[in-house]
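Colleague: Dropping the structure in here first, questions after.
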Amino acid sequence: MERMMAYCGLKCSQCPAYLATQANDQGAREKVAARWSKMLGMNLSAGDINCDGCKSAGGRLFGHCRTCQIKQCCSRKGYATCAGCDEYACEALTAFFAFAPHARTALEALRSNPE
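Residue numbers (the working numbering): 14 to 128.
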């Protein structure tokens, strides 16, 4: 799990929704729902906090991730992450980085040190 990374650069091993789902921890889901409700200006419940990672085949995904433009684009182009894309960093990814600057850091590290 340590190296599991979403297309956008989010690290699943550091995502509270992913961790709560994998641990099947209802209390953690409730805490994440409360925190993200405030942060995102939404009314989320513990039932909304489910994620098996956006690369999981048929797995559970947090709301927006089901229709994420970044996920769809990267998957369609066949990249493991956006770091390998010739259009890096596109408009959608740049807008996402405003919300999650740590994702940019992760992708930049991959671009600097491709495996």
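Idealized CB from N, CA, C, for every residue including glycine.
(1) K44 by DSSP, collapsed to three states: which one?
(2) Who does M18 pair with in a DSSP beta bridge?
(3) When you compare only the Cα positions, how much space is there between F109 and Q35?
(4) Could you name the residues of the same chain whose beta carbon sits closer than 6 angstroms to that of S58, not counting the 5 residues immediately before and after it, in chain order?
(5) Which whole runs of the alpha helix (DSSP H) in the segment 31-116 are 4 residues long or more, in chain order?
(6) Could you check whether C81 and C98 sit closer than 8 angstroms to each other, using their CB atoms as the reference points?
Modeller: Inspection of the coordinates gives the following:
(1) The residue labelled residue 44 in the question sits at position 31 within the sequence shown. If DSSP states are grouped into helix, strand and coil, K44 belongs with the helices.
(2) Start at 1 with the first residue of the sequence shown, and residue 18 comes out as number 5. Per DSSP, K24.
(3) On the sequence shown, residue 109 is found 96 positions in, with the first residue counted as 1. On the sequence shown, residue 35 is found 22 positions in, with the first residue counted as 1. C-alpha separation (whole angstroms): 25 angstroms.
(4) Counting from one through the sequence shown, the residue named residue 58 turns up at place 45. Around S58: A46.
(5) 39-53, 82-90 and 104-112
(6) The residue you call residue 98 lines up with position 85 of the sequence shown. The residue you call residue 81 lines up with position 68 of the sequence shown. No, Cβ-Cβ distance for C98 and C81 is not below 8 angstroms.
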